[in-house]
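Engineer:
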Amino acid sequence: MSETGDQFAGVSARSTKHNPRLDEELQHEIQGMLKGEHATRSEEWREVEPIAEGDRDLTADPAGTLVGGTPVGMDADAVVARAELARWLVRADFPNTGPDLVEAALDHRAPDAVVDELRRLPEGETYERIGDVVRALGYPTET
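Numbering (the working numbering), first residue to last: 1061 to 1203.
(1) Could you spell out the range, first to last residue, of the alpha helix (DSSP H) harbouring Pro1159?
(2) For Ala1170, I'd like the list of residues in its chain whose CB is within less than 6 Å of its CB, leaving aside the five on either flank, ordered along the chain.
(3) I'd like the span of the alpha helix (DSSP H) that includes Ala1002, first residue to last.
(4) Quick check on this structure: which residue in Asp1172, Leu1161, His1168 has the alpha carbon closest to the alpha carbon of Val1194?
(5) How long is the line joining the alpha carbons of Glu1085 and Lys1095, rounded to whole angstroms?
(6) So, Leu1181 versus Ala1165, is the Cβ gap smaller than 8 Å?
(7) Inspect the beta-carbon positions of Gly1133 and Glu1089 and report whether they are closer than 8 Å.
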């Protein structure tokens, strides 16, 4: 029986994935960077090019811990609060009311500070997304 058009070709002829040995080599190659939090390659051409002298570093906020800065109309505290709320509420939790969001946060084992913030939500409102929750809690949002 003849093979036509790779119809019966082996997996290696059709697959674009690596074999287990190559996967382990690639994983070993980045272990130093993952554990040491810096590049460990000796070949300079493989390093990421650093930021040019005089250019601004767009990935860091020098005055805080935020990466990427803050959106227009928000301050750093509002960004951190929104991120913390979003960390403990997933898309499946919406749309929901305030008490149901408190229950969802408790189910996700959210810290007491997050649960206390959610308990401040006005009664009788339904929230479609995390942005609605943040606005209802009085935090500024981007403009």
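All residues carry an ideal CB built from backbone N, CA and C; glycine is no exception.
Quantities reported herein were computed from a predicted structural model and do not represent experimental measurements.
Structural biologist: Looking at the coordinates:
(1) 1158-1167
(2) Trp1148
(3) With the chain represented from 1061 up to 1203, any question about residue 1002 goes unanswered, as that position is not in the structure.
(4) The candidate whose alpha carbon is nearest that of Val1194 is Leu1161.
(5) Taking the straight line joining both Cα atoms gives about 16 Å.
(6) no
(7) no
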